[in-house]
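Protein chains in written order, with my numbering: chain Y, 240 to 348; chain C, -4 to 109.
Here a beta-carbon is modelled for each residue, glycine too, at the ideal position from N, C-alpha and C.
Given the structure is predicted, the values throughout are model-derived calculations rather than measurements.
Here the structure is laid out as structure tokens; the discussion comes afterwards.
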Amino acid sequence: GIQVEQSPPDLILQEGANSTLRCNFSDSVNNLQWFHQNPWGQLINLFYIPSGTKQNGRLSATTVATERYSLLYISSSQTTDSGVYFCAVDPDNTDKLIFGTGTRLQVFP
Amino acid sequence: GAVVSQHPSRVICKSGTSVKIECRSLDFQATTMFWYRQFPKQSLMLMATSNEGSKATYEQGVEKDKFLINHASLTLSTLTVTSAHPEDSSFYICSAPQGIYGYTFGSGTRLTVV
């Protein structure tokens, strides 16, 4: 099956710093999403981004489908950005998501 | 926006007993619900897909007789962990697809089997 690897696995930042999270996938996909899981376990949609670039406030994402990777940019990080960031792909167009390995982000004041 | 209410948020049960987890779509009709489990510091693993009015489909390696899924209405999907054992302790999450708007997740159920 498809492999979805994220890097780095862990990231520690001071408030105000910028960061780039990467998601590599081993096969072509119909759908790619980014999610944030907060420290209480709730998952929140960030981006639906099968290709191209999108921005939402301090966050932006870029997917290069032909090269099988996606990037999530976080600018001017805040303590509330802490949690785990997952990318997830739908390889078969069935809405079933295969989640990546995750990046655990800690932002300190 | 679309909301999925998941209950209970935490449950502790004795080994050998069964536990039912409910996910209700509050403001939309969920014809499909996905069930995931997540072990500590790990990713989410898809367990099964429930479809309203039909049998659930299970991912490879998931015991369908142990994890009973029912999707009897367009607003309620349930997961019952039968004869629970300590190794079933995990965080269980339901999710409903929302097309290009992504997915709506329940808040999760932390199951501890003692």
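For a cut-off of 8 Å, the C-beta gap from I313(Y) to I241(Y) is around 25 Å, too long to register as a contact.
Minimum Cα-Cα distance from D320(Y) among the listed residues R297(Y), T340(Y), D334(Y) corresponds to R297(Y).
Not flagged as an interface residue toward chain Y: P35(C), since no C-beta distance is shorter than 8 Å.
Within 7 Å of the CB of I95(C), the CB atoms of chain Y belong to Y287, in sequence order along the chain.
Listed along chain C, no residue sits closer than 8 Å to T305(Y) by beta-carbon distance, the nearest being about 21 Å off.
Shown here, T318(Y) sits in a helix according to DSSP, grouped into three states. Here A327(Y) is bridged, per DSSP, to Q272(Y), F338(Y). For P92(C), the enclosing beta strand (DSSP E) begins and ends at 85 to 92. Contacts with chain C at 8 Å (Cβ-Cβ) do not include K293(Y).
For V109(C), the CB contacts under 8 Å within the same chain, skipping 5 residues up- and downstream, are I7, C8, K9, S10, P81 in chain order.
Excluding five sequence positions before and after S299(Y), the CB atoms of its chain that fall closer than 7 Å to its own CB belong to T292, K293, Y312, given in chain order.
It is roughly 22 Å from the alpha-carbon of D329(Y) to the alpha-carbon of P247(Y). Going by C-alpha positions, Y324(Y) is about 33 Å away from S78(C). At a Cβ-Cβ threshold of 8 Å, S49(C) and W30(C) do not count as neighbours. In this structure, DSSP gives E47(C) a state outside helix and strand, which the three-state scheme calls coil. Against S102(C), the close residues of chain Y are W279, G280, Q281, in the order they occur along the chain (beta-carbon pairs closer than 8 Å).
Residue environment analysis places A51(C) among the buried positions, since at least 16 neighbouring C-beta atoms fall within 10 angstroms of its C-beta. Residue environment analysis places P3(C) among the exposed positions, since fewer than 16 neighbouring C-beta atoms fall within 10 angstroms of its C-beta. Where A67(C) is concerned, the enclosing beta strand (DSSP E) starts and stops at 62 to 68. Taking the Cα positions, N263(Y) is about 20 Å away from N257(Y).
One finds S38, L39 in chain C with Cβ atoms closer than 8 Å to the Cβ of F325(Y), taken in chain order.
The beta carbons of R261(Y) and Q245(Y) sit closer together than 8 Å.
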